[in-house]
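Reading through the structure tokens given below for one structure.
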Amino acid sequence: MRRLMPFMASAALSMSALTVHADYNLPDGVPNSFSSKANYTLFETVPVRPMTMSADGQHLYVLNTPDDRVEIYDITNNGLTQSGSVAVGMRPVAIAQAPDGDLWVVNFLSDSISVVDPDTQRVERTLLVGDEPRDIVFAGPNHDRAFITTAHRGQNSPIDPQTFTPSVGRADVWVFDSNNPGAGTQTSPLEILTFFADTPRALATTPDGSTVYVATFNSGNQTTTIHEGATDDYPEENIHGEAQPHKSKIVKLIDGKWIDSVGRDVSKQINFNLPDYDVFTIDATATTPVAINGDGAPVSGVGTTLFNMVVNPISGKLYVANTEANNHKRFEGPGLDPEYNTTNRGDFVRSRITIIDDGATTPRHLNKHIDYSHCCAPTGNSEARKSLALPRQMAISSDGERLYVAALGSAKIGVFDTNALETDSFIPAESSQIQLANGGPSGVVLDEARNKLYVRTQFNNGIAVIDLNNNSEVQTIAMHSPEPENIAQGRAFLYDAFNTSSHGDSACAGCHVDGDIDHIAWDLGDPTAVTRDVPGSWLSRTGIAILLPTNSTVNAIETCAIIPFNLLPCAKEESFHFNSLKGPMLTQTMAGMDNHGPMHWRGDRTGGEAWYAGKQPNDGMFDERVAFAGFNVAFPGLLGRDSKLTDEEIGVFTDFALQNTLAPNPHRHLDNSLTERQAKGKEIFFGGPDGDRLTDITRNCSGCHITDLKGNEEYGVEHPGFFGSDGRYAFVFEPEMLKVPHLRNVYQRVGMFTLHDTSVQMEWEGKTYDMPHFFFPFTDPKETGDQIRGFGYTKDGSVGEVATFLQNGAFIDYGPITLNLVNPGGFQPYVEPGTWPSDLAAYNQEGFLKYAYLAITNGDYFSETNPETGEPVGREELRSVEDFVMVFPNNMAPIMGQQITLSANTSGSELDRLFMMEERAAVTEPRKECDLVARADGLGLLYDPASNQYIASDLNRYSRSALLALAPEVTFTCVPPGDGLRVALDRDLDGYFDAIELAANTDPANADSYPVTNSWWARIWKWLIG
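With my numbering applied, the sequence shown corresponds to residues 17 to 1042, in that order.
This is how it looks when you write it as structure tokens:
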């Protein structure tokens, strides 16, 4: 008999999670390949609109996000009773009911909408939409138009994303006529509106359905970074007198001027406008819905990260739940240095609700009772007990007088008198808050007929029913969860502000939003910390030389010289240490950290020592558990907690964090193929056709950015693969040693297309000239107009485009000036003709870039021209590599999560998508791409590529055609490799397939409910499995 390997017996959380029977056998005919330790893949996902109540008030529909389902409950005066469960797409985050009664479910990872008939409990169709859809509302003349937020990208979108065009918005709203969303499998939106903002999240609509509001998710706060090449207020020393490396700096737009952290106006160095569009308005009743501009729309200044919105039904005012980041302020730690007396400790993000009225914004700090001049009292103090952290979904009473807000980080519902909130006369108090038995409230639904409030709680994957007569929790429901216990327990340390911060108002998720990023940079050095040595394993200690005239006025940059066939180290001694003042650095994702060694941009969270680097896997600097435990210092140093977490607590947090997985790449073709230009970029990345082209003198791109889809697989690691990094350090043209970063989420940074003025003044023959930045000598720091984002690429976000980064001095061919001996395999630099002022070009004709600037003044490209295309070779190659990096390999193949719903009448081209999904499910090398599951009228099936058949949970086998004839609609989904057995056949992994349990009248969603040992059904099952 084929045996299924034992699963973790500890994966149990009260009544809602998995307990697994060790004697679990696979029946004959079920391939061993479906037996996998990866029975649940964590994609940390916090829903946006997780519940909705039926129009007649008789049913509550709740998203079971980790289990990819809609749970259906009947509402009575005595509480909720479950009456159904419907499998939908991967990680549903929002749900709304159409006028005809159908439920529209937004599937974040599947890039789809499941249209569910709640009466038959079937998915009737699947609509394919853009990448990462997040929210949905119904509005329009009869409230029959569905509005859905997505990113301006994704394989299912018919729109060219124009990724490298600065004027193109990155926020889409798809609009469907719910009565006619498209014929057959075709998705036919009424309109796709694009807005000049980053990825959108929340929606809200006026009661009459005439207006829809759209909120940018990571909208930013009008901050940006000036590259270290343009800063003049360094070098610095820490409190111990240790020299610190040269650094960039964060500046903020205040009253029309760009101001640095010490109050200086640096506006002349900023080369873009950052309008910070936060909330947009749509005319939902127009023949074709259209954005409204003017009269206060769009709205700016709402907040840094916008989560949810709700409209006051009486006044029409819009309330926006958000957080505001203090990243303009420098440092973490105690702030004891008399020179550096600033710190973000205990005050780095503030939780707010911003009121928008006729385009005017009024932010209200929810925790105005906090005295931020004092830190750090023990957790659970009286101040913290009044705090509300990380506000999410809101509900408002029909008279517009009472607002309920879910405080994700506080295990509470905040209750506000709307007039007191608007006038800022409210007083934070425990008496105006509803305490919940379980933490992580993300959604609220108000049932005014019964005076009840339904709350979706994340930490127990549950629902809380609140009696508003006395604000007490009268019912607690824990839905079935496929998550292991260590995920459920570890999640709290990401969000729970009450137990992880002194003031009870902040948590790790303040920056690592939903376990990901906030899209801004922070300068979180600590002047009181001491210098530490970098444990090497180094890929390179040599940097490309910076050539400057000896009379240069540039400060704190070591001048080096290029010697043919050899490079002198181009760094000061402090560059090879972990210095206490590290400068601005972009927030990095908390997903995909496993198997990638030390953490942080510098890799300063590490298990390595100066005297011992360690070895792969999980030893020394490659030990991710030790590395993540190094973040424990942030609890007292940044969150203001009076102490670190205990070893046990940080261990549980580590268990959770290292399981978090990045979403698939939304630009790469679903069949994993590359375009011609992407393929060219890949070829260059890996060193040309023969692998011998060196783009930085000693290595090709992959020489540092190690890419191996099977990395460490031979050691049996949990998450094999190197995706741009194997954890080692490198020093190339940076003022300090950095860990080589992975490249899996580069596409998320699109939206800034400039390099701020990095020129320095140079004296030459008695005259002063502006010289372009020596790191990026071919980048024109010209005015670039409106931009979506204040941060781009590299560690601090100061570089706007990947192609710009690749034109720095480390990667260019220096050409005739060095007798073609220095970096001949580098990129040929190019500058568009006429971009530089004539005096600058004239100066540089005598300088080290003589040939380049001579060509420019003659109106020529410096780069050679491709005779086939007429384009500069340098530009073509740079853009090709940039294209490839945008589709960089990931832990998950691009097909993962994708769906389609078909019927027996489906034919021809409509089957092509299913054929592709079957093909990808059959791939095993270099890795398995997905398990293909199907759902036919409640019956789960798993595709077996070897036999080209679908195995059902009743152990019947079906061909494709037989399966399509089995039910009116069949929905197919590509799930992560190893998850298919659980998703399709055995939901609770108790050893009894779902159809067998249903026939035996036991619960397939409860591992403690299964056919008893001597029952008739148990005997049949034992006979089936031998």
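Heads up, the beta-carbon is just placed ideally off N, CA and C, and yes, glycines get one too.
(message) Could you check whether G841 and T711 sit closer than 8 Å to each other, using their CB atoms as the reference points?
(response) yes
(request) Find out if the Cβ-Cβ distance for the pair F475, N454 is shorter than 8 Å. (result) yes
(message) Does the structure place the region 982 to 993 close enough to the region 941 to 958 that three or more beta carbon pairs sit under 8 Å?
(response) yes
(request) Label F192 either buried or exposed according to how many other C-beta atoms from any shown protein chain fall within 10 Å of its C-beta, with 16 as the threshold for buried. (result) buried
(request) Reducing DSSP to helix, strand and coil, say where T97 ends up. (result) strand
(request) Decide if K631 is buried, meaning its Cβ has at least 16 other Cβ atoms within 10 Å, or exposed. (result) exposed
(message) Is the separation between the beta-carbon of A518 and that of G653 shorter than 8 Å?
(response) The sequence given here has Ser at residue 518, not Ala. No; because the gap between Cβ atoms is not below 8 Å, this pair is not in contact.
(message) Is the beta carbon of L948 closer than 8 Å to that of E934?
(response) yes
(request) Put V939 into one of helix, strand or coil per three-state DSSP. (result) coil
(request) Take P82 as the anchor and find which of T215, P182 and M495 has the nearest alpha-carbon. (result) M495
(message) Suppose you measure from the CA of D542 to the CA of E355; what does that come to, to the nearest Å?
(response) 12 Å
(request) Please name the residue in D1019, Q914, D995 and T1018 whose C-alpha comes closest to that of F988. (result) Q914
(message) Check this for me: beta carbons of E348 and L540, under 8 Å apart or not?
(response) yes
(message) Does the CB of N515 have a neighbour CB from chain C at under 8 Å?
(response) Included in the structure is just one protein chain, with no chain C present.
(request) Just the C-alpha distance for S26 and S919, rounded to the nearest angstrom, thanks. (result) Residue placement at S26 is poorly supported in this model, since its pLDDT is 26, which falls under 50; the coordinates are not used for a value here.
(request) Return the bridge partner residues of V230 from the DSSP annotation. (result) L219 and F296
(request) Please name the residue or residues paired with K598 in a DSSP beta bridge. (result) According to DSSP, K598 bridges with nothing at all.
(request) Kindly indicate which three-state DSSP category P82 falls into: helix, strand or coil? (result) helix
(request) Sort out for me which residues DSSP pairs K273 with in a bridge. (result) I270
(request) Within the same chain, show all residues whose beta-carbon is closer than 6 Å to that of G105, passing over the 5 residues directly before and after it, in chain order. (result) N123, S126, S128, S130 and Q915
(request) Count the other CB atoms, across all protein chains shown, that sit within 10 Å of the CB of D387; report buried if there are 16 or more and exposed otherwise. (result) exposed
(request) Report yes if the C-beta distance between G634 and P261 is below 8 Å; otherwise report no. (result) The question names Gly, but residue 634 in the sequence shown is Asn. Contact: no.
(request) For Q965, count neighbouring C-beta atoms within 10 Å of its own C-beta (all shown protein chains included) and say buried if the count is 16 or more, exposed if not. (result) buried
(request) Count the C-beta pairs between the region 108 to 119 and the region 141 to 154 that are closer than 8 Å, then say yes if the count reaches three, no if not. (result) yes
(message) According to DSSP, is A1015 part of a helix, a strand, or is it coil?
(response) helix
(request) Identify the continuous beta strand (DSSP E) that holds T377 and give its terminal residues. (result) A376 to H381
(message) Assuming G813 and L1014 are in contact, meaning their beta carbons sit under 8 Å apart, how far apart are those beta carbons, in whole angstroms?
(response) Their Cβ separation, rounded to whole angstroms, is 52 Å, which puts G813 and L1014 out of contact at 8 Å.
(message) The beta strand (DSSP E) that contains I916, what's its start and end?
(response) Q915 to L918
(request) Determine the direct distance from the alpha carbon of Q694 to that of I700, and round the result to whole angstroms. (result) 10 Å
(message) Quick check: what's the CA-CA separation for I164 versus G624?
(response) 47 Å
(message) Can you look up R138 in the DSSP assignment and give me helix, strand or coil?
(response) strand
(message) For the pair the region 798 to 806 and the region 283 to 295, tell me if three or more CB-CB distances fall below 8 Å.
(response) yes
(request) Would you kindly report the start and end of the unbroken alpha helix (DSSP H) that includes L979? (result) R976 to L980
(message) Taking 8 Å as the threshold (C-beta atoms), are K273 and S264 in contact?
(response) no
(request) Give the DSSP-derived three-state secondary structure of E499 in the structure shown. (result) coil
(message) Within the continuous beta strand (DSSP E) that includes M615, where are the two ends?
(response) M615 -> no beta strand (DSSP E), and no H or E assigned at all.
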